[in-house]
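Enquirer: Sharing a structure, written as structure tokens. Questions coming.
Chains as they are written, first to last, in the working numbering: chain E, 213 to 557; chain X, 213 to 557; chain Z, 213 to 557; chain P, 213 to 557.
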């Protein structure tokens, strides 16, 4: 940490800052500039958490230098991690696709969707049994019934099941039915949920919060990992900006940022990221080209009858077309040395 | 709801949209423009939730017209509500102040803070026993011990206690010790928590989410009210923007927006809203002048030793000065007819 | 400037960074942490502008410490500045109000507006002769005719005239007619315009850019001051955020930030800041309570016939009511010691 | 346009709205809902610009339906446009690359850069002679000298030259030296400049504003086209969000949005879009996969000595590697039917 003093900070102010640093067992080093003094802190910065240095007199601001997450950081784990869900590898050679309806609406709808998803070549079936909705009057999901249908659809197709868990009480139940737990954007900083999900054995798909920084997102992953679960996959799903044409602004560069900062796999959800089915195809291709480890996409047997997120759901035909393209693009990327990414990392 | 068709929508597309509307018992009316057709939906728009009209062919976009919240809306409840916490009225004649440390750190710190808070004239003692923190390595709060200290401080001072609840499992326990439950910004769309908090009898302070729209915030209030709890107070605490000088951007206009859209009381938290203690005074005065029903402020016996949020905590002296100003300003606002707000509502 | 090296930076990397610093005549000081090294730069940081240190190998990031603006900074000019426009003082004891229609639409409309503005007690008449509009098909202003009407209205009422200049070619002409030049939000970083406006003798009202940081805003003021014109008044007019209920998000805390960082006067425009006339009154009062040196407000003889910005224009009645309130509030603020702001600065 | 009335609007309010619509020669149609009435406007909506309907009593809000830009819209020009700069086609079969240093720093630097750019296979040399900089104390560009060097570099290499024009007075001079004029992000709504650039014969590269919506961006293009210049190429360069890890947030979905809404070519600038050279490669590949018509990238003979934007400049080696990848990826995209985009448009 570097502490920048005010231009009018007194000698006593600086001594107080140094004393506070030393009092937690760290070393302080002062640098004198033309107008301002700077105090550098040397040693394990974790201890500085208990020194509210910005509240001390004469302090202009402090700048954190080391990152607050460790288990999620590439610095301490240089090789990229592979998260295994049964026999499927996320973060390996082949991009993984998770597809399905936004919400499980009925047994029939889910089975039909699952067949389409399987047919197109995805490895995961997605579908919400518990739906976090802005309004209490919107469809809230089939809950346990929805989980049962998901498990049945898995039997039927061999697809892995990923589904969202929104409350601690439901974790155990969801674990019985799902292969992978999803933490939704609205719960990315529901720390109680993160801690408990970290204690169950299942791999976790952690969506980026609506307005979360990359740093906060990796800290959320750290919560899960710190509770004992190293199997975290990150999912970029668009962030909130002033732009209203798209539902969210898909932050494609987050893929490259995560690959640089962390060893965890990262996938992209262009359906929520854009909110428009027309944009899913170009953004899916872009994600693969940017080095994403996979995709999450909404597909519905009949989007115009979907109870949730119809406008961003693909028809079966569009979905199949995109899956073919993804396969071709991914193989080409792998075969062509000039398209290799992150070699310099 | 108004549905705007593409310029190249076919007659069949329009018929399909009309059929979908009629199928849920609503009436459709078509308006023909020079280049585009518009379909208006008449009747209870709640039913449209199950018609994913934007996914239908030929549809450009749909525009919601009626609001999705009802219990929180001033349209259906024109008089301003007063929320009573014991003998304290929030939304009444006198602005209410909730003050105290960000986190309960020790019995001594809390008692000292409570005495200062009481002395300055606030009605509520605030203090976090459960702290949602970005990093798992930061101080997470004293938990139940913290609640006990809060209850003791109440005994000692007669102040009401407001404190945050972050997980469903803790609601019952927090209810035993607190007079008012706080839902923090990160949990504003933790719908499971909102529903359960709606079932307990205690009044709720609902902070605005980090990047929540006013509409989403009122829908979050609707969740609590819909579960049976009408005693909701809203708290503006700054929103996330590109500006980095302040910790958040305090949206002062949200006070006026809430007063127009809703009958619920609204208070302002300038400590989190700005992240800088120097800004608390001018923003506290501005909040009162804008018509806020109260304030939440962080005060710490010794901010430079605070375990959390030191840079935005007031010293006892600053706090007392601000309290005096608030009292003077609020009386003057009330006595002076030209400063009356919201008369036209 | 503080330069933070990567955890895997080599000794050679650090030597290269030091050499680059020394080569522009500055001194470098190395601080060794547990995992990372930090290089501090001592001396006039202006010279570092020519050292692209973040592009050097082994560098993680650099952090600027001193501010890039000087003439606008309170650090080098501790007393608050007063900008004089004729006999009107901005930044003095009394808040200054600039009111009038968004655009000059006709001689009649402007005269009627000017009489209302005068009557209510404002010191300045505002009104756009050159209107920057999103679409080329919107009303673009009366241009020189508009300027003439403004000058006539000044004759008639004795009000000062402030009006926007959007292109370098028009500066001379606008100077002939106006008492103060306005730089609009969309031109805040039109550096060519800033430089030229800095050369004319007239005081300048500099609106904050749509998405400008406070730092960029003060740097824009620096451009004008650096060209020889110290008479700059800042105007907060709302920033662009994800919130759609208001036209912009009025950043009330910018008033306090500017008062801390700069000696220049700052006023607030709640009409553009909110986009809704209903919100002008509470936000005007809040601005005064927050310590603003004045207000800019849109008032129109008949807002429902305005060619531009009708929804945010006040009727004559509302305007007069607000003016009365502002006067009362400002006197009270001044008379009451506990409401004094910025004493601690 | 659709006008939504308040729930408590009177019959007279509705009649007034209808009268206002009819008074500009348009037709109004009323739709009665359960709680609210809606008024639809039929006919050329351009005329509604002069009816400030939101300021009328009883009006809740109005919703624009038709777009305000026409010449830039795909609705009125379904085929994609190709912009020709000499013998280079932008928007054609092959993606176009514009590369070079951020700023022209010296004859030697530019020539060296130009040789590298040419060698790698780009069609355009970019380089700023006039640099808009946040601080007046930063390097402002070599101005006319810079233009001369650019023209010399063109002679030497045969590359086309694209360079920024920041003030009206410089347009003529820049036109003498450049093949294509660039409007920078900070000038996207400098309407005076747009109009004048629309009158010169040169093709224009229009960068998206720092916080411009897609709608505003296309309206800016409309200004240029409306002044007589149809040869506009759009350039996505990242937007301003709360995320601080990247310099801007590259809005990759804007490529797909523009392709849907407009017939104009669109390219991507991953250098400014991310601010980090490490991210240029993945974002360049993603842009091509998303269907961009080209790229703008910063390359510098020696980024660690660049006077501007060093951290985001590529070394010659990185640049060549990326160019090879782009070529391979673009050919593959074209050859593979499943990777074709925008067929459904």
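Beta carbons: idealized from backbone N, C-alpha and C, even for Gly.
According to DSSP, simplified to helix, strand and coil, what is residue 419 of chain P?
Expert: As a first step, residue 419 of chain P is located in the fourth chain; it is residue number 207 there, counting from the start. Reduced to three states, the DSSP call for residue 419 of chain P is strand.
Enquirer: Taking Cβ-Cβ distances below 8 Å as the criterion, which residues of the segment 444-464 of chain Z are in contact with chain E?
Expert: 452, 453, 454, 456
Enquirer: Closer than 8 Å, CB to CB, is residue 286 of chain X near chain Z or not?
Expert: As a position in the second chain, residue 286 of chain X is number 74, starting the count at 1. Not one chain Z Cβ lies under 8 Å of residue 286 of chain X.
Enquirer: Hey, out of E:532, E:420, E:506, E:510, whose CA is closest to residue 303 of chain E's CA?
Expert: To locate residue 303 of chain E, count along the first chain from 1; it is residue 91. The shortest C-alpha separation from residue 303 of chain E is found at E:506.
Enquirer: Hey, does residue 428 of chain X have any beta-carbon neighbour from chain E nearer than 8 Å?
Expert: Translated into positions along the second chain, residue 428 of chain X becomes position 216. Yes, residue 428 of chain X lies at the interface with chain E (some Cβ there is under 8 Å from its Cβ).
Enquirer: How about residue 254 of chain P and residue 455 of chain E: do their beta carbons lie closer than 8 Å?
Expert: Looking up residue 254 of chain P in the fourth chain gives position 42. Looking up residue 455 of chain E in the first chain gives position 243. No, they are not a contact pair.
Enquirer: At a CB distance below 7 Å, what residues from the segment 430-442 of chain E approach chain X? Give them in sequence order.
Expert: 431, 434, 435, 438
Enquirer: Taking residue 497 of chain E as part of the alpha helix (DSSP H), name the residues at either end of that continuous run.
Expert: Here the question's residue 497 of chain E lines up with position 285 in the first chain. First-last of the alpha helix (DSSP H) with residue 497 of chain E: 489-502.
Enquirer: Report, in whole angstroms, the separation of the C-beta atoms of residue 425 of chain X and residue 531 of chain Z, which I expect to be a contact under 8 Å.
Expert: Residue mapping note: residue 425 of chain X aligns to position 213 of the second chain, counting from 1. Residue mapping note: residue 531 of chain Z aligns to position 319 of the third chain, counting from 1. 30 Å between Cβ atoms; not a contact.
Enquirer: What are the partner residues of residue 249 of chain X, as DSSP defines its beta bridges?
Expert: Working through the second chain from its first residue, we reach residue 249 of chain X at position 37. The partner list for residue 249 of chain X (beta bridge, DSSP) reads X:244.
Enquirer: Can you check DSSP and say which residues form a bridge with residue 510 of chain P?
Expert: Residue 510 of chain P sits at position 298 when you count from the first residue of the fourth chain. Answer by DSSP bridge pairing, in chain order: P:312.
Enquirer: Nearest by alpha-carbon distance to residue 482 of chain P: which of P:471, P:473, P:494 is it?
Expert: As a first step, residue 482 of chain P must be located in the fourth chain, where it is residue number 270. The option with the nearest alpha carbon to residue 482 of chain P is P:494.
Enquirer: Are residue 351 of chain E and residue 315 of chain E touching if we call contact CB-CB under 8 Å?
Expert: By 1-based counting over the first chain, the position of residue 351 of chain E is 139. By 1-based counting over the first chain, the position of residue 315 of chain E is 103. The answer is yes: Cβ separation under 8 Å.
Enquirer: Reducing DSSP to helix, strand and coil, say where residue 395 of chain Z ends up.
Expert: For the purposes of this step, residue 395 of chain Z is identified with residue 183 of the third chain, where counting begins at 1. Strand.
Enquirer: Name the chain E residues that come within less than 7 Å of residue 332 of chain P, Cβ to Cβ?
Expert: Here residue 332 of chain P refers to the residue found at position 120 of the fourth chain. Within 7 Å Cβ-Cβ: nothing; residue 332 of chain P doesn't reach chain E, min ~12 Å.
Enquirer: If you run the structure through DSSP and keep just helix, strand and coil, what is residue 462 of chain X?
Expert: Along the second chain, read from residue 1 onward, the residue named residue 462 of chain X stands at position 250. In the structure shown, residue 462 of chain X sits in coil (DSSP, three-state: anything other than H, G, I, E or B).
Enquirer: Quick check on the burial criterion: 16 or more other C-beta atoms within 10 angstroms. Buried or exposed for residue 221 of chain P?
Expert: Position 9 of the fourth chain, counting from 1, holds the residue named residue 221 of chain P. Counting of Cβ neighbours within 10 angstroms places residue 221 of chain P among the buried residues, the total reaching 16 or more.
Enquirer: Could you work out which residues of chain P lie near residue 422 of chain Z, taking near to mean beta carbons separated by less than 7 Å?
Expert: As a position in the third chain, residue 422 of chain Z is number 210, starting the count at 1. The contacting residues are 423.
Enquirer: Does the pairing of the segment 373-382 of chain E with the segment 395-409 of chain E give three or more beta-carbon distances under 8 Å?
Expert: yes
Enquirer: Looking at chain P, is there any beta carbon in it that lies within less than 8 Å of the beta carbon of residue 223 of chain Z?
Expert: Indexing the third chain from 1 puts residue 223 of chain Z at position 11. Chain P, which has no Cβ nearer than 8 Å to the Cβ of residue 223 of chain Z, makes this no.
Enquirer: DSSP state of residue 556 of chain E, grouped into three classes?
Expert: Counting from one through the first chain, the residue named residue 556 of chain E turns up at place 344. Caution applies to residue 556 of chain E, whose pLDDT of 42 falls short of 50 and renders its modelled position unreliable; the model cannot decide the point.
Enquirer: Does residue 241 of chain Z have its Cβ less than 8 Å from a Cβ in chain E?
Expert: On the third chain, position 29 is the one that residue 241 of chain Z refers to. Chain E contact via Cβ: present.
Enquirer: Rounded to the nearest angstrom, what separates residue 415 of chain E and residue 344 of chain Z at their Cα positions?
Expert: As a working note, residue 415 of chain E is residue 203 in the first chain. As a working note, residue 344 of chain Z is residue 132 in the third chain. A direct Cα-Cα distance of roughly 54 Å separates residue 415 of chain E from residue 344 of chain Z.
Enquirer: Measure from the C-beta of residue 516 of chain E to each C-beta in chain P and report whether the shortest distance is under 8 Å.
Expert: Residue mapping note: residue 516 of chain E aligns to position 304 of the first chain, counting from 1. Chain P places no beta carbon closer than 8 Å to that of residue 516 of chain E, leaving this residue out of the contacts.
Enquirer: Per DSSP, which residues does residue 216 of chain Z bridge with? Please list them.
Expert: The residue labelled residue 216 of chain Z in the question sits at position 4 within the third chain. In DSSP, residue 216 of chain Z forms a bridge with Z:250, Z:273.
Enquirer: Assuming residue 540 of chain E contacts residue 551 of chain P under a Cβ cut-off of 8 Å, what Cβ separation, rounded to an integer in Å, is found between them?
Expert: Indexing the first chain from 1 puts residue 540 of chain E at position 328. Indexing the fourth chain from 1 puts residue 551 of chain P at position 339. Going by Cβ atoms, the distance from residue 540 of chain E to residue 551 of chain P rounds to 6 Å, so yes, they are a contact pair.
Enquirer: Determine the chain X residues that contact residue 348 of chain E at a beta-carbon separation under 7 Å, and present them in chain order.
Expert: As a working mapping, residue 348 of chain E is identified with position 136 in the first chain. Residues of chain X with a Cβ closer than 7 Å to the Cβ of residue 348 of chain E are, in chain order, 434, 435, 438.
Enquirer: Where does the unbroken alpha helix (DSSP H) through residue 329 of chain E begin, and where does it stop?
Expert: Mapped onto the first chain, residue 329 of chain E falls at position 117. Counting along the chain, the alpha helix (DSSP H) containing residue 329 of chain E begins and ends at 319-332.
Enquirer: Would you kindly report the start and end of the unbroken beta strand (DSSP E) that includes residue 375 of chain Z?
Expert: Indexing the third chain from 1 puts residue 375 of chain Z at position 163. DSSP places residue 375 of chain Z in the uninterrupted beta strand (DSSP E) bounded by 372-376.
Enquirer: Within 10 angstroms of its Cβ, does residue 556 of chain E collect 16 or more other Cβ (buried), or is it exposed?
Expert: The sequence position of residue 556 of chain E within the first chain is 344, counting from 1. Model confidence at residue 556 of chain E stands at a pLDDT of 42, short of 50, so the residue's coordinates are unreliable and nothing is read from them.
Enquirer: Can you tell me whether DSSP reads residue 340 of chain Z as helix, strand or coil?
Expert: Start at 1 with the first residue of the third chain, and residue 340 of chain Z comes out as number 128. Here residue 340 of chain Z sits in strand by DSSP.
Enquirer: Taking the C-alpha atoms as reference points, what is the distance between residue 335 of chain X and residue 371 of chain X?
Expert: In the second chain, the residue the question calls residue 335 of chain X occupies position 123. In the second chain, the residue the question calls residue 371 of chain X occupies position 159. If I take the Cα positions, the gap works out to 6 Å.
Enquirer: For the alpha helix (DSSP H) that contains residue 447 of chain P, what are its first and last residues?
Expert: Here residue 447 of chain P refers to the residue found at position 235 of the fourth chain. In the DSSP annotation of this structure, residue 447 of chain P is not part of any alpha helix (DSSP H); the continuous beta strand (DSSP E) holding it starts and ends at 444-448.
Enquirer: Hey, does residue 550 of chain Z have any beta-carbon neighbour from chain P nearer than 8 Å?
Expert: As a working mapping, residue 550 of chain Z is identified with position 338 in the third chain. It does not; no Cβ of chain P falls within 8 Å.
Enquirer: Mind listing the chain Z neighbours of residue 500 of chain X? Cutoff is C-beta to C-beta under 8 Å, in chain order.
Expert: As a position in the second chain, residue 500 of chain X is number 288, starting the count at 1. Here the neighbours are 501.
Enquirer: In angstroms, rounded to a whole number, what distance separates the CA positions of residue 498 of chain P and residue 497 of chain E?
Expert: As a position in the fourth chain, residue 498 of chain P is number 286, starting the count at 1. As a position in the first chain, residue 497 of chain E is number 285, starting the count at 1. If you take the alpha carbons of residue 498 of chain P and residue 497 of chain E, they lie about 7 Å apart.
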